[in-house]
(Lines of atoms letter the chains of each structure in order from A and count residues from 1; the text may use other names and numbers.)
(Lines give C-alpha, C1' and ligand atoms only; values in the text may rest on other atoms or scores of the structure.)
Protein backbone atom coordinates (compact mmCIF):
# COMPACT_ATOMS: atom_id res chain seq x y z
CA UNK A 1 0.00 0.00 0.00
CA UNK A 2 1.39 3.39 -1.04
CA UNK A 3 1.14 5.84 1.88
CA UNK A 4 3.26 8.55 0.28
CA UNK A 5 1.94 12.09 -0.20
CA UNK A 6 1.90 13.04 -3.88
CA UNK A 7 3.39 16.35 -5.03
CA UNK A 8 0.25 17.65 -6.77
CA UNK A 9 -0.40 21.04 -8.37
CA UNK A 10 -2.76 21.89 -5.50
CA UNK A 11 -0.02 21.19 -2.95
CA UNK A 12 2.49 23.24 -4.95
CA UNK A 13 0.05 26.16 -4.93
CA UNK A 14 -0.17 26.13 -1.15
CA UNK A 15 3.59 25.83 -0.82
CA UNK A 16 3.85 28.95 -2.98
CA UNK A 17 1.39 30.76 -0.70
CA UNK A 18 2.99 29.88 2.63
CA UNK A 19 6.42 31.00 3.76
CA UNK A 20 9.26 28.59 2.97
CA UNK A 21 9.03 25.49 5.15
CA UNK A 22 6.02 26.87 7.05
CA UNK A 23 3.24 24.72 5.55
CA UNK A 24 1.80 21.86 7.60
CA UNK A 25 -0.84 19.76 5.87
CA UNK A 26 -4.07 18.70 7.58
CA UNK A 27 -5.43 15.21 6.89
CA UNK A 28 -2.63 14.54 4.43
CA UNK A 29 -3.55 10.84 4.17
CA UNK A 30 -7.34 11.25 4.06
CA UNK A 31 -9.03 9.58 1.07
CA UNK A 32 -12.55 9.12 -0.24
CA UNK A 33 -14.01 5.82 -1.46
CA UNK A 34 -12.03 6.09 -4.70
CA UNK A 35 -8.74 6.62 -2.89
CA UNK A 36 -8.38 10.34 -3.65
CA UNK A 37 -9.92 13.43 -2.08
CA UNK A 38 -9.31 16.31 -4.50
CA UNK A 39 -8.27 18.99 -2.01
CA UNK A 40 -5.14 19.86 -0.03
CA UNK A 41 -5.52 21.79 3.23
CA UNK A 42 -3.25 23.01 5.99
CA UNK A 43 -1.82 25.85 8.01
CA UNK A 44 1.36 27.86 8.28
CA UNK A 45 2.55 31.44 8.04
CA UNK A 46 2.04 33.93 5.21
CA UNK A 47 4.51 36.81 5.39
CA UNK A 48 4.97 35.81 9.01
CA UNK A 49 1.24 35.86 9.83
CA UNK A 50 -0.53 32.61 10.81
CA UNK A 51 -3.16 31.43 8.31
CA UNK A 52 -5.10 28.41 7.09
CA UNK A 53 -5.65 27.47 3.46
CA UNK A 54 -7.14 24.84 1.19
CA UNK A 55 -6.55 24.21 -2.51
CA UNK A 56 -8.78 22.18 -4.80
CA UNK A 57 -7.04 19.72 -7.11
CA UNK A 58 -8.40 19.89 -10.67
CA UNK A 59 -6.35 16.80 -11.61
CA UNK A 60 -8.45 14.57 -9.33
CA UNK A 61 -11.75 13.91 -11.14
CA UNK A 62 -11.84 17.49 -12.37
CA UNK A 63 -11.64 18.75 -8.81
CA UNK A 64 -15.15 17.38 -8.22
CA UNK A 65 -16.52 18.33 -4.82
CA UNK A 66 -17.19 15.28 -2.67
CA UNK A 67 -18.43 14.69 0.86
CA UNK A 68 -14.87 13.85 1.90
CA UNK A 69 -13.55 17.06 0.34
CA UNK A 70 -16.17 19.11 2.18
CA UNK A 71 -15.23 17.41 5.44
CA UNK A 72 -11.60 18.41 4.97
CA UNK A 73 -12.49 22.03 4.18
CA UNK A 74 -14.82 22.13 7.19
CA UNK A 75 -11.90 21.15 9.41
CA UNK A 76 -10.04 24.24 8.16
CA UNK A 77 -12.98 26.46 9.09
CA UNK A 78 -13.38 24.79 12.46
CA UNK A 79 -9.73 25.43 13.33
CA UNK A 80 -9.88 28.99 12.01
CA UNK A 81 -12.92 29.69 14.17
CA UNK A 82 -11.20 28.33 17.28
CA UNK A 83 -7.88 30.10 16.74
CA UNK A 84 -8.95 33.31 14.98
CA UNK A 85 -6.69 33.09 11.93
CA UNK A 86 -7.46 33.95 8.27
CA UNK A 87 -8.58 31.42 5.66
CA UNK A 88 -7.38 31.39 2.05
CA UNK A 89 -9.29 29.20 -0.41
CA UNK A 90 -7.84 28.25 -3.81
CA UNK A 91 -10.72 27.29 -6.10
CA UNK A 92 -10.27 25.05 -9.14
CA UNK A 93 -13.13 22.61 -9.70
CA UNK A 94 -15.70 21.74 -12.36
CA UNK A 95 -18.47 21.19 -9.80
CA UNK A 96 -19.91 18.55 -7.49
CA UNK A 97 -19.56 14.77 -7.75
CA UNK A 98 -23.02 13.87 -9.04
CA UNK A 99 -22.73 10.23 -7.95
CA UNK A 100 -23.00 11.36 -4.31
CA UNK A 101 -26.32 13.07 -4.97
CA UNK A 102 -27.91 15.06 -2.19
CA UNK A 103 -25.30 13.93 0.33
CA UNK A 104 -22.67 16.10 -1.33
CA UNK A 105 -25.11 19.01 -1.67
CA UNK A 106 -25.81 18.83 2.05
CA UNK A 107 -22.09 18.63 2.84
CA UNK A 108 -21.44 21.57 0.57
CA UNK A 109 -24.17 23.51 2.35
CA UNK A 110 -22.25 22.93 5.58
CA UNK A 111 -19.15 24.52 4.01
CA UNK A 112 -21.14 27.56 2.88
CA UNK A 113 -22.66 27.90 6.34
CA UNK A 114 -19.24 27.68 7.99
CA UNK A 115 -17.91 30.39 5.69
CA UNK A 116 -20.89 32.64 6.39
CA UNK A 117 -20.54 32.08 10.14
CA UNK A 118 -17.00 33.49 10.24
CA UNK A 119 -17.59 36.29 7.73
CA UNK A 120 -16.32 39.43 9.43
CA UNK A 121 -14.75 37.34 12.21
CA UNK A 122 -11.63 36.07 10.44
CA UNK A 123 -10.47 37.37 7.05
CA UNK A 124 -11.38 35.11 4.14
CA UNK A 125 -9.64 35.44 0.78
CA UNK A 126 -10.49 33.45 -2.34
CA UNK A 127 -8.18 32.75 -5.25
CA UNK A 128 -10.00 31.72 -8.43
CA UNK A 129 -7.20 29.71 -10.02
CA UNK A 130 -9.11 27.90 -12.77
CA UNK A 131 -12.70 26.69 -12.96
CA UNK A 132 -15.14 27.93 -10.32
CA UNK A 133 -18.66 27.07 -11.42
CA UNK A 134 -22.18 26.84 -10.07
CA UNK A 135 -22.75 27.05 -6.33
CA UNK A 136 -18.97 26.90 -5.87
CA UNK A 137 -18.77 30.42 -7.33
CA UNK A 138 -21.14 31.63 -4.60
CA UNK A 139 -18.93 30.15 -1.89
CA UNK A 140 -15.83 31.71 -3.41
CA UNK A 141 -17.55 35.07 -3.74
CA UNK A 142 -18.54 35.03 -0.05
CA UNK A 143 -14.92 35.76 0.87
CA UNK A 144 -13.93 39.23 2.07
CA UNK A 145 -11.62 39.64 -0.92
CA UNK A 146 -11.74 37.69 -4.19
CA UNK A 147 -8.56 37.45 -6.28
CA UNK A 148 -8.70 35.75 -9.68
CA UNK A 149 -6.39 34.68 -12.46
CA UNK A 150 -7.39 36.49 -15.64
CA UNK A 151 -8.31 33.45 -17.74
CA UNK A 152 -10.23 31.62 -14.99
CA UNK A 153 -13.86 30.53 -15.55
CA UNK A 154 -16.16 32.02 -12.92
CA UNK A 155 -19.94 31.76 -13.25
CA UNK A 156 -22.99 30.42 -11.47
CA UNK A 157 -25.19 29.07 -14.28
CA UNK A 158 -24.02 26.71 -17.03
CA UNK A 159 -23.60 26.66 -19.94
CA UNK A 160 -21.79 29.98 -19.84
CA UNK A 161 -18.60 31.64 -20.96
CA UNK A 162 -18.31 34.31 -18.29
CA UNK A 163 -14.67 34.80 -17.36
CA UNK A 164 -12.97 36.19 -14.31
CA UNK A 165 -12.28 39.34 -16.30
CA UNK A 166 -16.02 39.80 -16.93
CA UNK A 167 -16.72 39.48 -13.21
CA UNK A 168 -13.89 41.90 -12.45
CA UNK A 169 -15.65 44.53 -14.54
CA UNK A 170 -18.94 43.68 -12.77
CA UNK A 171 -17.40 44.16 -9.33
CA UNK A 172 -17.60 40.59 -8.01
CA UNK A 173 -13.82 40.11 -8.30
CA UNK A 174 -11.64 42.49 -6.33
CA UNK A 175 -8.19 41.89 -7.83
CA UNK A 176 -7.45 40.46 -11.29
CA UNK A 177 -4.06 38.84 -11.85
CA UNK A 178 -2.19 37.78 -14.97
CA UNK A 179 -0.97 34.56 -13.33
CA UNK A 180 -1.39 32.43 -10.23
CA UNK A 181 1.96 33.66 -8.96
CA UNK A 182 0.79 37.27 -9.25
CA UNK A 183 -2.46 36.36 -7.46
CA UNK A 184 -0.50 34.80 -4.60
CA UNK A 185 1.63 37.92 -4.26
CA UNK A 186 -1.55 40.00 -3.86
CA UNK A 187 -2.94 37.58 -1.29
CA UNK A 188 0.27 37.70 0.73
CA UNK A 189 -0.02 41.49 0.89
CA UNK A 190 -3.65 41.23 1.97
CA UNK A 191 -2.96 38.69 4.72
CA UNK A 192 -0.27 41.01 6.06
CA UNK A 193 -2.46 44.13 5.90
CA UNK A 194 -5.59 42.66 7.48
CA UNK A 195 -5.87 41.93 11.21
CA UNK A 196 -5.90 38.24 12.11
CA UNK A 197 -9.50 38.53 13.30
CA UNK A 198 -12.17 41.03 14.27
CA UNK A 199 -10.82 41.66 17.78
CA UNK A 200 -7.11 41.62 16.94
CA UNK A 201 -5.32 44.96 16.52
CA UNK A 202 -4.45 46.21 13.06
CA UNK A 203 -0.86 45.35 12.13
CA UNK A 204 1.91 47.93 12.48
CA UNK A 205 4.64 48.10 9.83
CA UNK A 206 7.88 49.90 9.20
CA UNK A 207 7.20 52.54 6.59
CA UNK A 208 8.63 55.12 4.23
CA UNK A 209 6.91 58.45 3.63
CA UNK A 210 5.39 58.96 0.17
CA UNK A 211 7.45 60.66 -2.50
CA UNK A 212 4.57 62.99 -3.49
CA UNK A 213 2.88 65.80 -1.56
CA UNK A 214 -0.82 66.59 -1.91
CA UNK A 215 -1.63 69.54 -4.16
CA UNK A 216 -4.62 71.19 -5.81
CA UNK A 217 -6.25 69.42 -8.78
CA UNK A 218 -4.79 66.00 -7.94
CA UNK A 219 -6.65 62.88 -9.06
CA UNK A 220 -8.14 60.56 -6.46
CA UNK A 221 -5.34 58.05 -7.08
CA UNK A 222 -2.65 60.68 -6.59
CA UNK A 223 -4.27 61.97 -3.39
CA UNK A 224 -4.14 58.44 -1.97
CA UNK A 225 -0.48 58.16 -3.01
CA UNK A 226 0.30 61.45 -1.22
CA UNK A 227 -1.23 60.18 2.04
CA UNK A 228 -0.33 56.47 2.10
CA UNK A 229 3.09 55.10 2.93
CA UNK A 230 5.31 54.45 -0.08
CA UNK A 231 4.53 51.17 -1.93
CA UNK A 232 1.81 50.14 0.53
CA UNK A 233 -1.32 50.54 -1.62
CA UNK A 234 -3.41 47.50 -2.63
CA UNK A 235 -6.27 48.69 -4.83
CA UNK A 236 -9.60 46.84 -4.53
CA UNK A 237 -12.20 46.55 -7.34
CA UNK A 238 -10.24 48.73 -9.75
CA UNK A 239 -12.20 47.29 -12.70
CA UNK A 240 -15.55 48.51 -11.37
CA UNK A 241 -17.02 51.90 -10.48
CA UNK A 242 -14.31 53.89 -12.21
CA UNK A 243 -15.26 57.24 -10.65
CA UNK A 244 -14.07 55.92 -7.29
CA UNK A 245 -10.85 54.36 -5.99
CA UNK A 246 -10.93 51.97 -3.04
CA UNK A 247 -7.75 50.56 -1.52
CA UNK A 248 -6.08 49.13 1.53
CA UNK A 249 -2.77 50.73 2.47
CA UNK A 250 -0.76 51.87 5.46
CA UNK A 251 -0.40 55.38 6.85
CA UNK A 252 2.47 55.84 9.29
CA UNK A 253 2.67 52.04 9.43
CA UNK A 254 -1.00 51.44 10.30
CA UNK A 255 -3.47 49.68 8.02
CA UNK A 256 -6.24 51.94 6.68
CA UNK A 257 -8.89 51.81 4.00
CA UNK A 258 -9.32 54.51 1.36
CA UNK A 259 -12.59 55.48 -0.33
CA UNK A 260 -11.64 58.23 -2.79
CA UNK A 261 -14.11 59.91 -5.15
CA UNK A 262 -12.77 61.71 -8.20
CA UNK A 263 -15.06 64.76 -8.39
CA UNK A 264 -17.84 63.36 -10.57
CA UNK A 265 -21.37 62.78 -9.25
CA UNK A 266 -21.75 59.60 -7.20
CA UNK A 267 -23.13 56.77 -9.38
CA UNK A 268 -24.74 53.46 -8.27
CA UNK A 269 -21.64 51.40 -9.08
CA UNK A 270 -19.46 53.76 -7.05
CA UNK A 271 -21.89 53.64 -4.14
CA UNK A 272 -21.91 49.83 -4.11
CA UNK A 273 -18.11 49.77 -4.39
CA UNK A 274 -17.73 52.20 -1.48
CA UNK A 275 -20.26 50.23 0.59
CA UNK A 276 -18.26 47.02 0.15
CA UNK A 277 -15.03 48.71 1.22
CA UNK A 278 -16.56 50.26 4.32
CA UNK A 279 -18.08 46.93 5.35
CA UNK A 280 -14.69 45.24 5.02
CA UNK A 281 -12.94 47.91 7.07
CA UNK A 282 -15.65 48.13 9.72
CA UNK A 283 -15.67 44.35 10.24
CA UNK A 284 -12.02 44.49 11.34
CA UNK A 285 -12.01 48.01 12.88
CA UNK A 286 -9.75 49.38 10.13
CA UNK A 287 -9.91 53.20 9.89
CA UNK A 288 -11.61 54.55 6.76
CA UNK A 289 -10.31 57.68 5.04
CA UNK A 290 -12.88 59.10 2.63
CA UNK A 291 -11.78 61.59 -0.01
CA UNK A 292 -15.18 63.23 -0.43
CA UNK A 293 -14.71 64.97 -3.76
CA UNK A 294 -18.16 64.48 -5.28
CA UNK A 295 -20.48 66.73 -7.25
CA UNK A 296 -23.70 65.40 -5.78
CA UNK A 297 -25.31 62.30 -7.28
CA UNK A 298 -26.03 61.39 -10.88
CA UNK A 299 -29.38 62.45 -12.28
CA UNK A 300 -29.72 59.35 -14.46
CA UNK A 301 -30.74 55.86 -13.26
CA UNK A 302 -32.65 57.33 -10.33
CA UNK A 303 -34.23 54.01 -9.30
CA UNK A 304 -30.79 52.42 -8.93
CA UNK A 305 -29.30 55.54 -7.40
CA UNK A 306 -31.87 55.70 -4.61
CA UNK A 307 -31.17 52.12 -3.54
CA UNK A 308 -27.40 52.58 -3.80
CA UNK A 309 -27.43 55.90 -1.94
CA UNK A 310 -29.56 54.41 0.83
CA UNK A 311 -27.16 51.52 1.31
CA UNK A 312 -24.09 53.75 1.27
CA UNK A 313 -25.58 56.26 3.71
CA UNK A 314 -26.61 53.42 6.03
CA UNK A 315 -23.24 51.67 6.03
CA UNK A 316 -21.39 54.92 6.75
CA UNK A 317 -23.82 55.82 9.54
CA UNK A 318 -23.63 52.42 11.23
CA UNK A 319 -19.89 51.73 10.85
CA UNK A 320 -18.10 52.08 14.18
CA UNK A 321 -14.51 52.02 12.89
CA UNK A 322 -12.60 55.34 12.90
CA UNK A 323 -13.94 57.48 10.03
CA UNK A 324 -12.11 60.50 8.61
CA UNK A 325 -13.52 62.49 5.69
CA UNK A 326 -11.56 64.97 3.58
CA UNK A 327 -13.07 67.44 1.10
CA UNK A 328 -10.40 68.22 -1.47
CA UNK A 329 -12.41 70.12 -4.09
CA UNK A 330 -16.15 70.02 -3.55
CA UNK A 331 -18.76 68.02 -1.68
CA UNK A 332 -22.23 68.88 -2.89
CA UNK A 333 -25.71 68.12 -1.59
CA UNK A 334 -26.50 64.52 -0.72
CA UNK A 335 -22.87 63.56 -1.32
CA UNK A 336 -21.89 65.73 1.65
CA UNK A 337 -24.45 64.03 3.90
CA UNK A 338 -23.32 60.54 2.82
CA UNK A 339 -19.58 61.05 2.76
CA UNK A 340 -18.79 63.87 5.18
CA UNK A 341 -21.78 64.73 7.37
CA UNK A 342 -20.83 64.89 11.03
CA UNK A 343 -24.30 63.69 11.97
CA UNK A 344 -24.29 60.63 9.74
CA UNK A 345 -20.72 59.76 8.96
CA UNK A 346 -17.39 61.22 9.97
CA UNK A 347 -15.71 61.28 13.36
CA UNK A 348 -13.56 64.03 11.88
CA UNK A 349 -14.41 66.13 8.82
CA UNK A 350 -11.45 67.88 7.19
CA UNK A 351 -11.18 70.15 4.15
CA UNK A 352 -8.62 71.83 1.97
CA UNK A 353 -8.66 75.61 2.20
CA UNK A 354 -10.03 76.03 -1.33
CA UNK A 355 -12.77 73.39 -0.99
CA UNK A 356 -16.48 74.00 -1.49
CA UNK A 357 -19.23 72.46 0.66
CA UNK A 358 -22.71 73.32 -0.51
CA UNK A 359 -26.31 72.02 -0.37
CA UNK A 360 -26.60 72.70 -4.13
CA UNK A 361 -24.02 72.86 -6.89
CA UNK A 362 -22.40 76.26 -7.34
CA UNK A 363 -24.36 77.20 -10.47
CA UNK A 364 -27.71 76.41 -8.85
CA UNK A 365 -26.72 78.15 -5.61
CA UNK A 366 -25.74 81.32 -7.47
CA UNK A 367 -28.95 81.26 -9.50
CA UNK A 368 -31.02 80.90 -6.34
CA UNK A 369 -29.18 83.25 -3.96
CA UNK A 370 -28.05 85.93 -6.39
CA UNK A 371 -31.00 86.03 -8.76
CA UNK A 372 -31.56 89.77 -8.29
CA UNK A 373 -27.90 90.56 -8.83
CA UNK A 374 -27.82 88.43 -11.98
CA UNK A 375 -30.91 90.22 -13.24
CA UNK A 376 -29.15 93.52 -12.57
CA UNK A 377 -26.37 92.44 -14.92
CA UNK A 378 -23.62 91.33 -12.51
CA UNK A 379 -21.13 88.84 -13.95
CA UNK A 380 -22.09 85.20 -13.25
CA UNK A 381 -18.46 84.04 -13.05
CA UNK A 382 -17.65 86.69 -10.45
CA UNK A 383 -20.72 85.73 -8.41
CA UNK A 384 -19.72 82.07 -8.56
CA UNK A 385 -16.27 82.95 -7.26
CA UNK A 386 -17.83 85.07 -4.51
CA UNK A 387 -20.05 82.16 -3.46
CA UNK A 388 -17.07 79.79 -3.32
CA UNK A 389 -15.13 82.27 -1.19
CA UNK A 390 -17.98 82.99 1.23
CA UNK A 391 -21.17 80.99 1.71
CA UNK A 392 -19.90 77.83 0.02
CA UNK A 393 -16.37 77.88 1.43
CA UNK A 394 -14.86 75.32 3.75
CA UNK A 395 -14.34 78.10 6.29
CA UNK A 396 -18.07 78.88 6.30
CA UNK A 397 -18.80 75.19 6.93
CA UNK A 398 -16.19 75.13 9.70
CA UNK A 399 -17.73 78.22 11.31
CA UNK A 400 -20.95 76.30 11.97
CA UNK A 401 -19.15 73.12 13.10
CA UNK A 402 -19.78 71.09 9.95
CA UNK A 403 -16.03 70.79 9.30
CA UNK A 404 -13.41 70.32 12.01
CA UNK A 405 -10.28 71.66 10.33
CA UNK A 406 -9.32 73.55 7.18
CA UNK A 407 -5.76 73.54 5.87
CA UNK A 408 -3.51 73.75 2.82
CA UNK A 409 -3.25 70.60 0.66
CA UNK A 410 0.45 70.20 1.53
CA UNK A 411 -0.50 69.55 5.17
CA UNK A 412 -2.80 66.63 4.35
CA UNK A 413 -0.66 63.64 5.35
CA UNK A 414 0.35 65.22 8.66
CA UNK A 415 -3.28 66.08 9.46
CA UNK A 416 -4.45 62.55 8.60
CA UNK A 417 -1.74 60.96 10.77
CA UNK A 418 -2.72 63.22 13.67
CA UNK A 419 -6.39 62.28 13.23
CA UNK A 420 -5.56 58.56 13.14
CA UNK A 421 -3.55 58.90 16.35
CA UNK A 422 -6.44 60.66 18.06
CA UNK A 423 -9.01 58.07 16.92
CA UNK A 424 -6.85 55.03 17.72
CA UNK A 425 -8.69 54.45 21.00
CA UNK A 426 -12.19 54.96 19.59
CA UNK A 427 -14.90 52.93 21.31
CA UNK A 428 -18.52 53.26 20.22
CA UNK A 429 -21.45 51.43 21.78
CA UNK A 430 -24.47 50.65 19.63
CA UNK A 431 -28.02 49.57 20.39
CA UNK A 432 -28.31 45.78 20.65
CA UNK A 433 -29.76 44.26 17.47
CA UNK A 434 -29.07 41.50 14.96
CA UNK A 435 -28.27 43.81 12.03
CA UNK A 436 -29.60 46.82 10.16
CA UNK A 437 -32.23 46.17 7.50
CA UNK A 438 -30.83 48.64 4.99
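Residue numbers (our numbering): 1 to 438.
Backbone N, C-alpha and C fix where the C-beta goes; we use that ideal spot for every residue, glycine too.
Distance check for residue j and residue i, CA to CA, integer angstroms please.
| i | j | result |
| --- | --- | --- |
| residue 3 | residue 29 | Here the model assigns residue 3 a pLDDT of 48, short of 50, so the residue's position is not dependable, and the following value carries that caveat. Taking the straight line from one Cα to the other gives about 7 Å. |
| residue 187 | residue 379 | 56 Å |
| residue 139 | residue 340 | 34 Å |
| residue 424 | residue 322 | 8 Å |
| residue 277 | residue 250 | 15 Å |
| residue 433 | residue 11 | 43 Å |
| residue 218 | residue 242 | 16 Å |
| residue 58 | residue 232 | 34 Å |
| residue 116 | residue 405 | 41 Å |
| residue 360 | residue 351 | 18 Å |
| residue 240 | residue 330 | 23 Å |
| residue 426 | residue 102 | 48 Å |
| residue 77 | residue 87 | 7 Å |
| residue 181 | residue 386 | 55 Å |
| residue 383 | residue 214 | 28 Å |
| residue 236 | residue 225 | 15 Å |
First and last residue of the alpha helix (DSSP H) that includes residue i?
| i | result |
| --- | --- |
| residue 226 | 220-227 |
| residue 387 | 380-389 |
| residue 101 | 101-117 |
| residue 310 | 302-318 |
| residue 129 | No alpha helix (DSSP H) contains residue 129, which is instead part of the beta strand (DSSP E) from 124-133. |
| residue 394 | 394-399 |
Run the CB neighbour count on residue i, radius 10 Å, all protein chains shown included, and call it buried at 16 or more, exposed below.
| i | result |
| --- | --- |
| residue 422 | exposed |
| residue 209 | exposed |
| residue 368 | exposed |
| residue 183 | buried |
| residue 518 | The structure shown does not extend to residue 518, since the chain is modelled only from 1 through 438, so no value can be given for it. |
| residue 178 | exposed |
| residue 254 | buried |
| residue 400 | exposed |
| residue 416 | buried |
| residue 201 | exposed |
Residue i CB to nearest chain B CB: under 7 Å?
| i | result |
| --- | --- |
| residue 115 | Protein chains in the displayed structure number just one, and chain B is not present. |
Flag this pair as yes or no: are the beta carbons of residue i and residue j separated by less than 7 Å?
| i | j | result |
| --- | --- | --- |
| residue 123 | residue 194 | yes |
| residue 292 | residue 324 | no |
| residue 96 | residue 128 | no |
| residue 40 | residue 16 | no |
| residue 223 | residue 267 | no |
| residue 312 | residue 271 | yes |
| residue 126 | residue 107 | no |
| residue 335 | residue 398 | no |
| residue 448 | residue 175 | For residue 448 there is no data in the structure shown, the boundaries of the chain being 1 and 438. |
| residue 130 | residue 92 | yes |
| residue 111 | residue 73 | yes |
So the beta strand (DSSP E) residue i belongs to, where does it begin and stop?
| i | result |
| --- | --- |
| residue 406 | 405-407 |
| residue 245 | 244-251 |
| residue 358 | 356-358 |
Less than 6 Å separating the Cβ of residue i from some heavy atom of the ligand MN?
| i | result |
| --- | --- |
| residue 146 | Ligands in the displayed structure: none, and consequently the ligand MN is not present. |
Inside the segment 26-88 only - alpha helix (DSSP H) runs reaching at least 4 residues: 67-83
Alpha helix (DSSP H) runs contained entirely in the segment 166-195, provided each spans 4 or more residues: 180-193
Segments of 4+ residues assigned as alpha helix (DSSP H) that fall wholly inside the segment 406-435: 412-423
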